[in-house]
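Reading through the structure tokens given below for one structure.
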Amino acid sequence: MKAETSQVKVTIVKVPVPRSHPRFELLMVREQMVEGLARGLVVPEGLIAHGRGECFDYLIGEKTEFFALKAIRAAAASFLLAEKPVISVNGNLAALCARELVELSKATGAPLEVNLFYRSKLREKTVASALKAAGASRILGVNASKRIPRLKSFRSLAEAKGIIEADLVLLGIEDGNRVEALRKAGKKVVVIDLNPLSRSAFNASITIIDNVVRALPKLRLEIEKLRSASKQRLRREASSYDNREALAEALNYIRSRLERLSSNLASGRS
Ligand code: ATP
Ligand code: MG
Numbered sequence: 032m033k034a035e036t037s038q039v040k041v042t043i044v045k046v047p048v049p050r051s052h053p054r055f056e057l058l059m060v061r062e063q064m065v066e067g068l069a070r071g072l073v074v075p076e077g078l079i080a081h082g083r084g085e086c087f088d089y090l091i092g093e094k095t096e097f098f099a100l101k102a103i104r105a106a107a108a109s110f111l112l113a114e115k116p117v118i119s120v121n122g123n124l125a126a127l128c129a130r131e132l133v134e135l136s137k138a139t140g141a142p143l144e145v146n147l148f149y150r151s152k153l154r155e156k157t158v159a160s161a162l163k164a165a166g167a168s169r170i171l172g173v174n175a176s177k178r179i180p181r182l183k184s185f186r187s188l189a190e191a192k193g194i195i196e197a198d199l200v201l202l203g204i205e206d207g208n209r210v211e212a213l214r215k216a217g218k219k220v221v222v223i224d225l226n227p228l229s230r231s232a233f234n235a236s237i238t239i240i241d242n243v244v245r246a247l248p249k250l251r252l253e254i255e256k257l258r259s260a261s262k263q264r265l266r267r268e269a270s271s272y273d274n275r276e277a278l279a280e281a282l283n284y285i286r287s288r289l290e291r292l293s294s295n296l297a298s299g300r301s
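Numbering (our numbering), first residue to last: 32 to 301.
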């Protein structure tokens, strides 16, 4: 099996964005994605996935909502209970939150594993270098040779001492097939995905419906808060979470938000 690669030439036009711009933060994140493309971290398909995420972020109101906070609490408890947690890192995640991933890895002891949908040796190394530059000391997934059962081609590659042996895997902006295969392999799978309709969200054990940029620091803080909690309390926090209920809450939240916005428009309120 050999990956076919072709170079994408990226011309970046830097236009200063004033802080006062109402969408300043979103535009900064877009810049990070474009820089990620130029650095070889992100593939063009990753930009499309990002656009889909932005759309869902618009629908939830670009804030971490109660359903995400509930999932963050259950995910934090699950991390503290896990024996071999692993943080899976793809190109979009490395472009947007390399530093935060390293912080989370340090806080949990979970290694970072490069896990790419569009995998090439060069891209593996580029993502690993970005993590190293952000302070990571242990990076798995470069030259991984084991396979996640039920997945075909390079998408199945994973590291024996990492994802293959893990009891908990955290993934963000991830493909639904891989989430499903990891669940079937008996792992607890925590997904960060803005789209409550995605197969990833549906197949995960815990779905944090939020932007990775907002969710990752909150997850780390929650882990710090729960660190001294008893095993019994952690088990309670983890088992009281119901993924289908969380997805239903997110969809209901979007529906009622849209109803409110549309009736405001129809009645002439802003
Ligand atoms: P599935 O295969 O699970 O049905 P999908 O086809 O939508 O989902 P991809 O195209 O692989 O999956 O895209 C990854 C997902 O990541 C999308 O659902 C998108 O909403 C989400 N996403 C993109 N950017 C972000 C972000 N910054 N934070 C959280 N989620 C994001
Ligand atoms: Mg998909």
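Backbone N, C-alpha and C fix where the C-beta goes; we use that ideal spot for every residue, glycine too.
Small disclaimer: the values here were computed from a predicted structure and weren't measured.
Where does residue i land, buried or exposed, given buried means 16+ other C-beta within 10 angstroms?
i	result
E114	exposed
P47	exposed
F55	exposed
H52	exposed
R181	exposed
R251	buried
Terminal residues of the continuous beta strand (DSSP E) containing residue i?
i	result
I239	237-239
A203	One detail in the question is off: residue 203 reads as Gly in this sequence, not Ala. G203 -> beta strand (DSSP E) spans 199-203.
L143	143-145
S119	116-120
V220	219-223
Cβ of residue i within 8 Å of Cβ of residue j?
i	j	result
N234	R83	no
A141	V158	no
A129	A165	yes
L223	E144	What sits at residue 223 in the sequence shown is Ile, not Leu. Not closer than 8 Å, so no.
I285	V243	no
V200	L127	no
G122	V73	yes
At what residues does the alpha helix (DSSP H) containing residue i begin and finish?
i	result
L57	55-69
I91	75-91
S231	230-234
V3	In the structure as shown, the chain begins at 32 and stops at 301. Residue 3 is therefore absent and cannot be evaluated.
K156	152-164
Which residue wins for smallest C-alpha separation from residue i, given the options the options?
i	options	result
V220	R150, A107, E255	A107
F87	R258, Q263, L292, D241	D241
Counting pairs of beta carbons, one from the region 265-279 and one from the region 161-178, are three or more of them closer than 8 Å?
no
Determine, using beta-carbon pairs with one atom in the region 130-140 and one in the region 165-179, whether at least three such pairs fall under 8 Å.
Contact holds: three or more Cβ-Cβ distances are below 8 Å.
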